[in-house]
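In our numbering, the protein residues as written are 180 to 570. A virtual CB, placed ideally from N, CA and C, is assigned to each residue, including glycine. These figures come from a predicted structure and were not determined experimentally. Heads up, the thing below is written out as structure tokens.
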């Protein structure tokens, strides 16, 4: 396909595809899917080889959030039967993190529900970061605490945080349909605060919330402009008891096309398969490793994930290798900070239209009776419980 050859060439040059090209990837047929994966895989291997970075989530404070994000089991008004607990103590969080590190995780992601941290919360998390780093040599720590106020990103950086996560989640045009208690602009502002403080910015999306192809392209192009170092691609976990609990809009094939489009738009960025891969990719997970160079190990914030041992076996069986703490994740030009130009597009260029005919209709999404509710399991182990974590 001329489209795929063009996208590979652009990806190797870090050149931005056109919107039409990105949309064409999402519109490819299932018959062309392996060609799409192979093409995006060339770009992934050029910048990241066959390495897979493992990340491990620690939910520092679960549930009881005042925000109304429709996708979230911790939201205001959620009746999902998730774990609810207040802040973990630093040693508790460190013990949870150690389990992930022992399983091969290179980065620990510290997450807390809520609109954003108070200054006291920042003090608490800063102590937790120091405890984790003292007990786990070489580990990276990413904080995800919601909207940041002035000066808070700098304080987290001083405490030893390496990165800050705050996802855009969906397009600016549809954001108000998903969340009303804060704005899309609030999220952009927090990512920019992380950048300005010298933290590695991490920002991604959630697919499967009823969005259009245009919405998906919009949010990935917006992420490219924000220039985060890592882009987590979440696939909606439809929790019963949330407004999106009956949204089953994804097939494994669509998930792979979304990951491929993200890789073409963000070729030299850490693309991470995040929440929902077990629910929506299922047995196609190994193919996704040809597109993304990073995954979460084990469980998520409020839901169970694939067993950590199974993750490691999947990586090895697919011919990939776990990235070690001594290895630098990002390509040299990004690791050196050369791509952060104040929000501009790194290595962007023009480009003509894709020049391809309209693609055949893709596979239909799962709905109704096809929904895999059996794969949505509430986390009952690890942080906030007396049971050993899954790592």
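- Excluding the 5 residues flanking it on each side, residue 198 has same chain C-beta neighbours closer than 8 Å at 396, 400, in chain order.
- 325 is the residue among 282, 193, 325, 224 whose C-alpha sits nearest the C-alpha of residue 240.
- Bridge partners of residue 343 according to DSSP: 322, 380.
- The Cβ-Cβ distance between residue 452 and residue 439 does not fall below 7 Å.
- The bridge partners DSSP lists for residue 409 are 381, 449.
- For residue 221, there is no enclosing beta strand (DSSP E); the residue is part of the alpha helix (DSSP H) that begins and ends at 212–227.
- Taking the Cα positions, residue 465 is about 36 Å away from residue 305.
- Counting along the chain, residue 235 sits inside the beta strand (DSSP E) bounded by residues 230–240.
- Beta-bridge pairing by DSSP links residue 290 to 238, 323.
- Three or more Cβ pairs drawn from the segment 476–487 and the segment 238–253 lie within less than 8 Å of each other, which places the two stretches in contact.
- Runs of the beta strand (DSSP E) spanning 3 or more residues and lying entirely within the segment 252–286 do not occur at all.
- With 16 or more other CB atoms across the displayed protein chains lying within 10 angstroms of its CB, residue 471 is buried.
- Proximity to residue 554 across 419, 402, 407 peaks at 419, based on C-alpha coordinates.
- DSSP places residue 348 within a strand segment (E or B) once states are collapsed to three.
- Judged by DSSP secondary structure, residue 305 falls within the alpha helix (DSSP H) whose first and last residues are 298–314.
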